[in-house]
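**Student:**
Numbering (this note's numbering), first residue to last: 1 to 214.
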């Protein structure tokens, strides 16, 4: 950010650090030994965001403290054990952020996200875990005219065997079980290499895991 020798993108020795002011209110409620409920509300103000601004003539850009962003959101969580060998966890998050510099919604981050996980200990030292992550409502950044990026759901599966031999655990892990097509937004603008179709996430993958405790 302070390098001034790049012929196109110039640093700035007079930059100030970016600052973030946050407020958060959290509730943790446990109506029963097997049930936990959580609620978290937050807001933030992000100031002095470092942005590369076009210089007169348009051939170079210089880092400057010109960006400002605000946002607020809520997160809810449930952790429930309906049976001794079964644990269910669900988490939902909603947030809205505004690019105050552009006077428009901030882009790329999901407005809504849902996560669910179930763990079943079906035999002594054996467990099966399934989890799903749903990412929704990602708008483009101001100035990016591409269509809104698609939502996606990723499902993972883990079969784990503990204490195979005292200090050893084994696991079989399947990521993106249904081989869903999922993409994260690519940057767009004069300073970014053009990747118009966004950044693909990995397809289905199978892993083996060995753990040793000492």
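Note that beta-carbon positions come from the ideal geometry of N, C-alpha and C, so glycine has one too.
Quick caveat, the model's predicted, so the values are computed rather than measured.
1. What do you reckon, are the CB atoms on residue 113 and residue 130 nearer than 8 Å?
2. Can you round the beta-carbon distance between residue 210 and residue 177 to whole angstroms, since I take them to be within the 8 Å contact cut?
3. Note down the Cα distance separating residue 91 from residue 55, rounded to an integer number of angstroms.
4. Let's see if you can read the secondary structure: which residues bound the beta strand (DSSP E) around residue 14?
5. Once you ignore the five residues that flank residue 180 on each side, which residues in its own chain have a CB closer than 7 Å to its CB?
6. For residue 155, decide whether its Cβ has a neighbour in chain D, counting only Cβ atoms nearer than 8 Å.
7. Return the CA-CA distance between residue 160 and residue 53, expressed in angstroms with no decimal places.
8. What is the residue span of the beta strand (DSSP E) that residue 143 lies within?
9. Helix, strand or coil, according to DSSP, for residue 27 in the structure here?
**Tutor:** Inspection of the coordinates gives the following:
1. no
2. Contact doesn't hold; Cβ gap of about 21 Å is too wide.
3. 45 Å
4. Unbroken run through residue 14: none, as it is neither H nor E.
5. 152, 153, 154
6. This model lacks chain D altogether; it includes just one protein chain.
7. 52 Å
8. Neither: residue 143 is in no beta strand (DSSP E) and is coded neither H nor E.
9. strand
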